[in-house]
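Numbering (the numbering used here), first residue to last: 538 to 980.
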């Protein structure tokens, strides 16, 4: 009986590893290389501290405003009118303060009968005068100011104050259209402000990256969209720094040495972390490299491993290597337990102002499957480290949510019976991870 179960585990592991070698091995072993390539010590992460904005315009029946001619409204004060039924016809916008060379502000207006006019910049006039044509929409962008965002909002005929965010008057930013086109509605007023950029930073592996989700519907995207919809978060910018294949050790190295990551975290309001799965997968693939006498550093390693796993006798080699593979899986979990306190301490040092959310690691294999018991103890060990009391972050218990899920939608792509052995979450799985984050518990 034991022999039969052992063969079942080995056979399924062979199939699983064959597919995983094609899906993941490049990411796992190229992760360090991609991390180093992305690390540029010459990146300037300094922000300018004193950037503002001022603007003036041309309004129906009033002419140039504000008075005297040549004066400006200082952002975010209102330019235009409300309750008078007067159209905004033209506008000039310019930056103020310590504006670096090459930086500026550009803006384009959509005008009655004219459509979108050519963009203007740095105080040039956009719109019309003496033609009785309304501005219907505007979009504004900053140039050469990567550490700032431009936010704007307005008052529009029949619509009132727009945009509405979180049931109150909000802001759009950075090139978004404010107003309307094709509805014949005048813009009546506008407010503009410049804010230092803050970050919603996603860290971790391919799950954080959003692999296998519909583009824009990974859990990082969903959580960011939820937070940005709340009043007061208009300057929040998404920085998804997840890297497919990353282990806990590679995430720690990223936090310690990557200037982009360090700079973003210094301005992060929210940080999400998903890591640990590759601590299990990478040692498995490394063990297979030894068993089949392959070089994991070779650019042809994924193909070489897939070829080796498909050869006759591969199951016997895996059977002989299985004890070492299980030891390697346990070692991966042990390495996570070593890295994790350092990851947390580094994160909290780099982003002391941020709220940090950490996902537990789910098991993609059905509990009734013989392979479940091969991987689950290591997954549980990783999750125990994550759920250490007194660590000062929020834990999204994805493992429990996936295990207890009773719904009809498929959460993980992995399915023996359809031949899909991709262990990443589906779009529905990413949605459930997002819900876990909304209900995260402080540790």
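Virtual Cβ for every residue (Gly too), placed ideally from N, Cα, C. Bear in mind that the values here come from a model prediction, so they are computed numbers and not experimental data.
Closest residue to residue 651 among 641, 635, 636 and 626 (Cα-Cα distance): It is 626 whose Cα lies nearest to the Cα of residue 651.
Own chain partners of residue 826 with C-beta closer than 6 angstroms, once the 5 adjacent residues on each side are dropped: Excluding its 5 nearest sequence neighbours in each direction, residue 826 has C-beta neighbours in its own chain below 6 angstroms: 833, listed in chain order.
Residue 977 versus residue 934: straight-line alpha-carbon distance, rounded: For residue 977 and residue 934, the distance between alpha carbons rounds to 7 angstroms.
Straight-line Cα distance separating residue 606 from residue 712: Each residue's Cα considered, the two are about 28 angstroms apart.
Helix, strand or coil at residue 563 [DSSP, three-state]: At residue 563, the pLDDT of 43 sits below 50, so the modelled position is not reliable; the number obtained from the coordinates is stated separately. Residue 563 carries a helical assignment under DSSP once its states are collapsed to helix, strand and coil.
For residue 971, the three-state DSSP class (helix, strand or coil): Residue 971 falls in the helix class under three-state DSSP.
Selected residue, minimal CA-CA separation from residue 737, among 746, 775 and 945: Closest option to residue 737, Cα to Cα, is 775.
Residue interval of the alpha helix (DSSP H) (run including residue 932): It is not in any alpha helix (DSSP H) - residue 932 instead sits in the beta strand (DSSP E) that spans 931–933.
Where the alpha helix (DSSP H) through residue 787 begins and ends: Element bounds for residue 787: 785–794.
Separation of residue 709 from residue 847, as counted between CA atoms: The alpha-carbon atoms of residue 847 and residue 709 are separated by roughly 54 angstroms.
Ranges of the alpha helix (DSSP H) found wholly within the stretch 807–847, counting only runs of at least 4: Within the stretch 807–847, the complete alpha helix (DSSP H) runs of at least 4 residues are 814–828 and 838–847.
Separation of residue 904 from residue 541, as counted between CA atoms: In this predicted model, residue 541 has a pLDDT of only 48, less than 50, meaning its place in the structure is not dependable enough to derive any value.
Which residues DSSP lists as bridging residue 896, in chain order: According to DSSP, residue 896 bridges with 933.
Among 748, 742, 589 and 602, nearest to residue 780 - alpha-carbon criterion: The shortest Cα separation from residue 780 among 748, 742, 589 and 602 belongs to 742.
Among 840, 881 and 831, the one whose alpha carbon lies nearest that of residue 810: The shortest C-alpha separation from residue 810 is found at 881.
Three-pair Cβ contact test at 8 angstroms for the stretch 656–667 versus the stretch 684–691: The count of Cβ pairs closer than 8 angstroms, one atom from the stretch 656–667 and one from the stretch 684–691, stays below three, leaving the stretches out of contact.
Simplified DSSP state of residue 980, which is helix, strand or coil: In the structure shown, residue 980 sits in coil (DSSP, three-state: anything other than H, G, I, E or B).
Coarse secondary structure for residue 705, derived from DSSP in three states: In the structure shown, residue 705 sits in a strand (DSSP, three-state: E or B).
Short Cβ contact (8 angstroms threshold) for residue 639 with residue 674: The Cβ-Cβ distance between residue 639 and residue 674 does not fall below 8 angstroms.
Cβ neighbours of residue 719 in the same chain (closer than 7 angstroms, five flanking residues each side left out): Its chain contains no residue whose beta carbon lies nearer than 7 angstroms to that of residue 719 once the 5 sequence neighbours on both sides are disregarded.
Simplified DSSP assignment, three categories, for residue 880: In the structure shown, residue 880 adopts helical secondary structure according to DSSP, grouped into three states.
Residue closest to residue 777, alpha-carbon to alpha-carbon, out of 878, 798, 769 and 766: Nearest option by C-alpha distance: 798.
Range of the contiguous alpha helix (DSSP H) that encloses residue 923: Here the alpha helix (DSSP H) through residue 923 covers 909–923.
6 angstroms Cβ shell around residue 611 - same chain, five flanking residues per side excluded: Closer than 6 angstroms at the Cβ level, and outside the excluded window around residue 611, lie 591.
At least three beta-carbon pairs within less than 8 angstroms, the stretch 856–863 to the stretch 936–951: Contact between the stretch 856–863 and the stretch 936–951 is absent, because fewer than three Cβ pairs lie under 8 angstroms.
Sequence-distant residues of the same chain with beta carbon closer than 8 angstroms to residue 558, five excluded per side: Since pLDDT at residue 558 reaches only 49, below the 50 mark, its modelled position is unreliable, and no value is offered.
Stretch pair the stretch 664–680 + the stretch 696–706: three plus CB contacts closer than 8 angstroms: With a cut-off of 8 angstroms, the stretch 696–706 and the stretch 664–680 do not count as touching, because too few Cβ pairs lie within range.
Beta carbon of residue 682 nearer than 8 angstroms to that of residue 588: Their beta carbons are under 8 angstroms apart, which means residue 682 touches residue 588 by this criterion.
The stretch 881–892 contacting the stretch 857–873, beta-carbon criterion three pairs below 8 angstroms: No, they do not touch.
Where residue 730 falls, given that 16 or more other Cβ within 10 Å makes a residue buried: Counting Cβ neighbours within 10 Å, residue 730 comes out buried, since at least 16 surround it.
Spatially closest choice to residue 959 from 968, 966, 949 and 965, by CA coordinates: Here the closest residue by C-alpha is 949.
Spatial neighbours of residue 930 in its chain, beta-carbon cut-off 6 angstroms, leaving aside the 5 residues before and after: Exclusion of the five residues before and after residue 930 leaves 893 and 895 as the residues of its chain whose Cβ lies within less than 6 angstroms of its Cβ.
Element boundaries [beta strand (DSSP E), containing residue 678]: Where residue 678 is concerned, the enclosing beta strand (DSSP E) stretches over 672–680.
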